[in-house]
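Residue numbers (the numbering used here): 50 to 442. Note that beta-carbon positions come from the ideal geometry of N, C-alpha and C, so glycine has one too. Each remark here refers to the structure printed beneath this line.
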Ligand code: SOE
């Protein structure tokens with residue numbers, strides 16, 4: 050039996066469920082150098098936290114994350130709370146010598162993200178690892194896209210189109226939740242979904258954004274208060290039954306263009322107002338020798354265009370990314386037996402455990418998370434300047 054790696058998970062909403070599943074499943078499919086143990090689930094409400102711990106398989110529950118940091122038998126702190134508490138918990142955990150995984154976006158502000166990256170750099174000197182949870186890069190088709198681009202399969206990158214489309218806010222009576230409150234979430238769809246496409250576009254192209262020009266819009270500025278406070282609402286949660294409404298203090302739609310370091314341009318669109326699109330993260334990267342195109346709603350496939358093939362045979366090929374040669378797949382099912390949304394989280398847990406055991410920096414690091422935060426901040430600052438808008442006529 051390998052040495053245990055004991056986890057404390059802080060938060061038990063939507064991401065709490067996803068991370069719990071990952072910790073439970075990762076050691077059952079991957080041969081891990083350390084044995085993750087679901088030691089402690091931490092939440093604000095004792096009863097709800099205990100219920101979630103029982104359901105998901107955590108050994109204990111508690112309402113005090115600080116106490117978890119004092120415990121010698123906790124090795125990892127996994128943070129899945131709203132962005133407002135990421136910095137405080139992560140910095141304290143790193144200073145206490147715990148390895149940390151933190152959900153995206155890393156923080157609510159660049160200042161917080163910078164303090165977190167500094168704490169991670171300090172902790173790294175003592176062999177303590179920190180990673181930010183951009184899980185989509187760990188879906189086999191997305192990793193495969195990265196590998197193809199890095200291996201030169203599409204030649205020089207010429208253009209990037211990225212969008213992340215959901216529709217749970219189209220209904221003006223969808224309830225208010227922390228994701229719609231600036232003091233808890235920092236920003237709206239920009240940080241929630243925009244952060245994902247920034248990370249994925251940079252990861253797949255191997256380039257970083259150097260400048261952006263953006264626009265943000267809030268289309269529904271008040272929403273019914275949820276029936277139970279603290280609910281991880283939105284995302285298909287129940288409709289509120291009361292008539293009281295609270296203010297929406299974040300953006301509903303975020304659009305921006307970005308210029309990568311080498312001059313390549315990309316368009317980015319993040320919205321929760323795209324009727325009919327449930328979880329459509331799409332990324333298309335065009336190059337001189339081909340193109341790759343990924344769609345999260347069809348996540349077992351990657352489209353690849355070979356621009357070097359004879360002209361009469363050119364066309365997008367739909368690669369089913371379920372072969373044992375594809376990233377992560379050999380631990381799972383025979384070819385064609387698909388994977389799903391949750392597997393990105395399982396792969397994240399696997400990669401994190403390997404990095405901790407090997408004493409190596411897992412990617413994306415807190416420094417990478419800080420860079421994404423800087424992009425988000427630049428989009429917000431650009432959007433605040435009305436000068437980009439030029440009246441027609
Ligand atoms: C978590 O990674 C997350 O970004 C959520 O916060 C979004 O709301 C979700 O829909 C995609 O995943």
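* To do: Report the residue from 291, 198, 203 whose alpha carbon sits nearest the alpha carbon of residue 251.
  => 198
* Which partner residues does residue 377 have in the DSSP bridge list? -> Paired residue(s): none; residue 377 is not in a bridge.
* To do: Just confirm the distance between the C-beta atoms of residue 74 and residue 395, as a whole number of angstroms; I'd bet it's less than 8 Å.
  => 5 Å
* Whole alpha helix (DSSP H) runs in the stretch 82-166 with 4 or more residues, listed along the chain? -> 95-105, 114-119, 135-144
* Taking contact to mean at least 3 C-beta pairs separated by less than 8 Å, is the stretch 255-265 in contact with the stretch 423-441? -> Touching, yes.
* To do: Starting from the C-beta of residue 401, find all residues in its chain whose C-beta is less than 7 Å away, skip the five residues before and the five after it, and write them out in chain order.
  => 150, 180, 411
* **Under 8 Å between C-beta atoms of residue 27 and residue 224** => Nothing in the structure corresponds to residue 27, since the chain is present only between 50 and 442.
* Identity of the residue in 164, 98, 380 nearest residue 76 by Cα -> Out of 164, 98, 380, 380 has the C-alpha closest to the C-alpha of residue 76.
* **Lining residues of the ligand SOE - beta-carbon closer than 7 Å to any non-hydrogen atom, in sequence order** => 63, 64, 152, 153, 182, 184, 215, 228, 241, 242, 245, 284, 328
* Asked: Quick one: is residue 422 buried, meaning 16 or more other Cβ sit within 10 Å of its Cβ, or exposed?
  -> buried
* To do: State buried or exposed for residue 194, treating a residue as buried only when at least 16 other CB atoms are found within 10 Å of its CB.
  => Burial is judged here by how many other beta carbons sit within 10 angstroms of a residue's own beta carbon; residue 194 has at least 16 and is buried.
* For residue 289, which of helix, strand or coil comes out of DSSP? -> coil
* Euclidean distance between Cα positions of residue 82 and residue 376 -> 19 Å
* Distance CB(residue 182)-CB(residue 425) smaller than 8 Å -> no
* Asked: In angstroms, rounded to a whole number, what distance separates the CA positions of residue 117 and residue 56?
  -> 10 Å
* Asked: For residue 363, does the count of other Cβ atoms within 10 angstroms reach 16, so buried, or fall short, so exposed?
  -> exposed
* **Assigned exposure category for residue 62 - 16 Cβ within 10 Å defines buried** => buried
* Among 408, 332, 403, nearest to residue 185 - alpha-carbon criterion -> 332
* To do: In angstroms with no decimal places, state the Cα-to-Cα distance between residue 136 and residue 164.
  => 7 Å
* Rounded to a whole number of angstroms, what is the C-alpha to C-alpha distance between residue 70 and residue 187? -> 15 Å
* Asked: How do the stretch 203-219 and the stretch 105-117 stand: do at least 3 beta-carbon pairs fall below 8 Å, yes or no?
  -> no
* To do: Using three-state DSSP, classify residue 307 as helix, strand or coil.
  => strand
* Where residue 64 falls: helix, strand or coil (DSSP) -> Helix.
* Asked: Are residue 329 and residue 344 closer than 8 Å when you measure CB to CB?
  -> yes
* Own chain, CB closer than 7 Å to residue 131, minus 5 neighbours either side, in chain order -> 227, 233, 234
* Asked: Based on Cα-Cα distance, which residue from 256, 348, 229 lies nearest to residue 417?
  -> 256
* Does the distance from the C-beta atom of residue 237 to that of residue 301 stay below 8 Å? -> Yes; because the gap between Cβ atoms is below 8 Å, this pair is in contact.
* Pick from 192, 103, 64 that is closest to residue 374, judged by C-alpha positions -> In terms of Cα proximity to residue 374, the closest of 192, 103, 64 is 192.
* Asked: Should residue 442 be labelled buried (16 or more other beta-carbon atoms within 10 Å of its own) or exposed?
  -> Exposed, by the Cβ-count rule.
* What span of residues does the alpha helix (DSSP H) with residue 399 cover, start to end? -> 391-407
* Asked: Do the stretch 150-161 and the stretch 79-98 touch if we need at least three Cβ pairs shorter than 8 Å?
  -> Contact between the stretch 150-161 and the stretch 79-98 is not established, with fewer than three Cβ pairs separated by less than 8 Å.
* Distance, residue 439 Cα to residue 399 Cα -> 49 Å
* Can you tell me the Cα-Cα spacing of residue 405 and residue 247, whole angstroms? -> 26 Å
* Asked: First and last residue of the beta strand (DSSP E) that includes residue 273?
  -> 271-273
* Does the distance from the C-beta atom of residue 318 to that of residue 259 stay below 8 Å? -> no
* Integer-rounded CB distance, given that residue 138 should sit under 8 Å from residue 126 -> With a Cβ gap of about 7 Å, residue 126 and residue 138 count as contacting.
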